[in-house]
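Below is one structure, written out as structure tokens; the observations come after it.
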Amino acid sequence: MRNEIIRLENVITSDVTKTNLNNFNLHLFAGEILGLIAVDEHGKEKLLEILYQNSSIRFGRIYFKEMLVNSYKYSDNTFNKVYILSQKSKLIDHLNVLDNVFVLKRGFRKYIINSKVLAQQFYRLLEESEIDIEINPYDFGDQLTEYQRCVVEIIKAVVQGIKVIVINNISSELSEKDLKAFKLFLKRLVLNGYGVLYIGNHHEEVFPISDRVALMKNGSIIKVFEKDELFEQNILPYTISMDKTETSLKRSCAEGKILFKGITTEYLKDITFEVQKGTCVVLYDRSNKVQQDVISCLIGENKMNTGEIYVETEGVRKKIEKKSWKHQIGVIDENPIKNNMYHNLSFIDNFCTFLDNRKKTVYISGKLKASIQKEYYKELGKALYETNLNKLGKTDLYNLVYYRILLQNPKVVFIAQPFTDADMYLRFHIIELIRMLKQKEIAVIILAFTISDNLHIADKFILIEEGYKKKEFLPEEFSDIQLDI
Amino acid sequence: MEDKYRKNTLKRILSTRGMGQVITAAIGLIILCIAFGILNPAFTSSKNVGNLLRQIAPIILIGIGQSYVLITANIDLSIGSVVGMSCMISATLMTKGINPWVAVLITVICCLMVGIVNGVLVARCQLPPFIATLGTMTIARGIAQIVNNNYNTDSIGNAAKGFRDFFYYGKFAGIYNTVWIAIILWIVFNFVLSKTRTGRHIYAIGSNVDAAKLSGVSVVGTTIKVYLISSFCSAVVGLTICATSGMGTMDAGNMYEMYAVAASVIGGVSTLGGQGILLGTVVGAAIWGVLQNGLQFAGAPVAIRNIVIGVIVVISVLLDVVVRTGKTKKKS
């Protein structure tokens, strides 16, 4: 008989303006990995909250190990034995692994700390988990790799006596190789009676690891797939197609190209490639190093050691000088809503951030802003007049990020992991936005360490390993790329 | 099971986070001592070294308190005023004929009250620490003034000889008691910070308060503790000043909060929280003391001394910020 760890029955939650979870039902058994694919983000945050803490719900019941812990009648705000592993570290950067795992634990009794004893316990735990990873227990939280951080957090959860581990969209933090090893670790973990709720946005990522998969939409579970139903064709009716609907520019017809010649940075080594205007190149690096490396060069944090960037139009090659990078190269960082926004400014002020690239003026008049609002109203709608960005949805905010690039009008735009944290609808929208940039003849370079979705918009795929360009794939060769997550 | 990552004691000490800054500061201190010794040989005389240590001891004490607070990513601006309050309350009580040790006890309790108020305002009421302690700074200074009707006290007299010997004039093993007090308190508070659960909680709060809360750390309780320690150290310094001058002066401890910040920051305690060791505070206080003393020996006017110390503090903070922001991001 399977032991149930957590059960959510007909749960309805709401905040002031909207219902989050709507008649939500979920069972998680000991020793299983339950996948959860959120078609949209609706209610996901609330779900994580009520799994962790018994905060008030409008209707329904929540059972933990078959004990009623929360219901519409009574919520006591106590904590459940649930650990949520997410992109944001819960480790203390300035304390070592031992302190993080053992000392910062509810109920740690010892007042004087003996690191030697704790280290022995840590080694024992690591050995029991049978994971092939080297972790120095004396390393500080900020010295760990993302993979090590995830493993340490799980060990911390185990030490705390946690029964349910929620993995919330960590694929964007781990390289492909690490993600694979981490999944193996989780599979071994559940054999010891833990329950894992694995939340991801891509069925390609969630299906292989899960025993069952629940599909969540509008705050409800719309379908649960059993193990023998975990095939791509079963989920297709619930998803939206991201196949090309555009009449993409043919590579041979596009006028001009951007040439990157002999680029050497801290990580990249003598990389040469070209991207034609209106096309998209994916620079794919499994180890997740190229993204940070390139972005830090572009924004001036690091220097490019050697290499040059040229624009070639009608056979005439012109170098893009470093001082004009700001005007000719656009950058969209990973998670741009967080990293590329000024949340204290209005939509239009954010929108006009790069306008000085085109208008050599320090003052952007109200008249000019009004003119821009009028010009873009058809595409961006009422959001253009919004003064508080927090009132806008993710779609509007992504519109702001990508249309702002359009206004900047660079020759080439670098986009880091564009689909991070995006649900299915948002991913579709981002694809549309990137296609829009391509149609405006802007060259797009995506810096990626996961493959999913990038192939829908790529015209060329460049595999980078250890800083060197290993192979280039053209669309007709994309099927040769191993999708292994 | 073999602990292959465990280093030997020396390597472990050297690899302590923040030790790099302490070693750098210590090298700077040695260079300063050599330079001042060359400029004026009297600087290295045993008499001056004894006096210098006595000068540095109070700065170490207030530096310890401020370091605790800074590591939690807060600040305590009330330190100087609590020093003044301690000096005035103890002196006033002694001049009224109260037993000096009872007066000491009452003084310490009064000063600890300020620490509790600081901790509650910052942690419980969520007031910005700068504003909260600015308020208590003014209040404490007001108390220091009001306690003897806006006058400095008379001499605390011969009845307090034991008190004066204990805090200032007495010697043990050839070293002044003031220095011993600083050494003993440093050992105790260093142990608490580096070897105990409370110490880890202090670092955790300063490094990532949200993660600390999720790990079950009592942020309010720990913050109150660090402000209590800060106030306790200030109270001891106030008592030392009272013992030194033999009377209560209303402006005692004026600007001491800044000296405390300077000692901490020069010694590598981060103003951004989560980082720093008390050994650094000792070095920082020593640099401050050596600069004051050495520049005086070199005949530099007060203004120049202040400028030099100010520049060193700014450079120290700048180094901290550069080290933090320039640190290589997480290994991929």
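Sequence order for the protein chains is A and B.
Start counting the first sequence at 0; every next residue gets the next number (numbering that gives the first Met the number 0).
Start counting the second sequence at 0; every next residue gets the next number (numbering that gives the first Met the number 0).
Just so you know, even glycine gets a beta-carbon here, dropped at the ideal spot from N, CA and C.
Per-residue contacts from residue i into chain A (C-beta, under 7 Å)
i              : result
Q20 of chain B : Simply none; closest approach about 14 Å.
Contact set between residue i and chain B, taken where Cβ atoms lie within less than 7 Å
i               : result
F107 of chain A : R196
Y283 of chain A : The premise fails here: Y283 of chain A is roughly 14 Å from chain B at the closest Cβ pair, so nothing lies under 7 Å.
N135 of chain A : Y4
Contact list for residue i against chain A, beta-carbon separation under 8 Å
i               : result
A284 of chain B : What A284 of chain B touches in chain A: nothing, since even the nearest Cβ is about 23 Å away.
R16 of chain B  : H93, F139
R199 of chain B : L94, D98, V102, L103, I112
Residue(s) in a DSSP beta bridge with residue i
i               : result
N69 of chain A  : A:I61
Y82 of chain A  : A:I164
N125 of chain B : Correcting the residue type first, residue 125 of chain B is Gln in the shown sequence and not Asn. Partner(s): none; Q125 of chain B has no beta bridge.
D284 of chain A : A:I463
I262 of chain A : A:I270
S193 of chain B : Note: S193 of chain B sits in no beta bridge, so no partner.
Q52 of chain A  : A:F78
T18 of chain A  : A:S13
L317 of chain B : L317 of chain B is not bridged to any residue.
E526 of chain A : Residue 526 of chain A is absent from the structure shown; chain A starts at 0 and stops at 484.
G329 of chain A : A:V412
Q275 of chain A : A:K256
N339 of chain A : According to DSSP, N339 of chain A bridges with nothing at all.
I111 of chain A : B:T195
Y175 of chain B : B:K170
F139 of chain A : A:N95
Neighbour list for residue i in chain B, Cβ cutoff strictly below 9 Å
i               : result
A118 of chain A : M0, D2, Y4, R5
H115 of chain A : A quick correction: the sequence has Lys, not His, at residue 115 of chain A. Near K115 of chain A (Cβ distances below 9 Å), the residues of chain B are D2, R5.
Span of the beta strand (DSSP E) around residue i
i               : result
L25 of chain A  : 23–28
V223 of chain A : 219–224
G566 of chain A : Residue 566 of chain A is absent from the model: chain A starts at 0 and stops at 484.
K216 of chain A : 211–216
R316 of chain A : 315–318
A37 of chain A  : 32–37
E311 of chain A : 305–312
V189 of chain A : Looking at the DSSP string, V189 of chain A is not in any beta strand (DSSP E); the run it does join, the alpha helix (DSSP H), is 175–189.
Chain A contact residues for residue i, given Cβ-Cβ distances below 9 Å
i               : result
Y202 of chain B : I91, H93, L94, D98
Limits of the unbroken alpha helix (DSSP H) element including residue i
i               : result
V158 of chain A : 145–158
A332 of chain B : Limits of chain B in this structure are 0 at one end and 331 at the other, which puts residue 332 of chain B out of reach.
E378 of chain A : 365–379
I234 of chain A : 231–234
I347 of chain A : 346–350
R1 of chain A   : Unbroken run through R1 of chain A: none, as it is neither H nor E.
Y122 of chain A : 114–127
V205 of chain A : 202–205
Q291 of chain A : 289–297
Contacts of residue i in chain B (Cβ-Cβ under 8 Å)
i               : result
K104 of chain A : S214, G215
Residue i: CB within 7 Å of a non-hydrogen atom of the ligand MN
i               : result
F224 of chain A : With respect to the ligand MN, the structure shown offers nothing to examine, as it has no ligands at all.
Check distances from the C-beta atoms of the stretch 108–126 of chain B to those of chain A and list, in chain order, the residues that come in under 8 Å.
Those would be none; no residue qualifies.
Please specify which runs of the alpha helix (DSSP H), each continuous and at least 4 residues long, are wholly inside the stretch 402–464 of chain A, giving them in chain order.
DSSP runs (the alpha helix (DSSP H)) wholly in the stretch 402–464 of chain A: 423–438, 453–456.
Give, in chain order, every residue of the stretch 77–94 of chain A whose Cβ lies closer than 8 Å to some Cβ of chain B.
With the criterion set as a beta carbon lying under 8 Å from some beta carbon of chain B, the members of the stretch 77–94 of chain A are S88, K89, L90, I91, D92, H93, L94, in sequence order.
Going along the chain, which unbroken runs of the alpha helix (DSSP H) with 4 or more residues stay wholly within the stretch 11–79 of chain B?
Within the stretch 11–79 of chain B, the complete alpha helix (DSSP H) runs of at least 4 residues are 18–38, 45–70.
Under 7 Å, CB to CB, which of the residues in the stretch 206–225 of chain B have a partner in chain A?
Near chain A, meaning a CB-to-CB distance below 7 Å, the residues of the stretch 206–225 of chain B are S206, N207, A210, A211, L213, S214, G215, V216.
Pull out every residue of the stretch 254–285 of chain B whose Cβ sits closer than 7 Å to any Cβ of chain A, in chain order.
Across the stretch 254–285 of chain B, CB contacts with chain A closer than 7 Å involve G273, Q274, in sequence order along the chain.
Secondary structure, alpha helix (DSSP H): runs of 4+ residues fully inside the stretch 238–300 of chain B
Counting only runs of 4 or more, we get 255–265, 277–296.
Would you list, in chain order, the members of the stretch 430–457 of chain A that have their beta-carbon closer than 7 Å to a beta-carbon of chain B?
Per Cβ criterion, the list is empty.
Where are the alpha helix (DSSP H) runs, 4 residues long or more, that stay fully inside the stretch 91–171 of chain B, in chain order?
Segments of the alpha helix (DSSP H) lying fully in the stretch 91–171 of chain B: 99–118, 128–145, 160–163.
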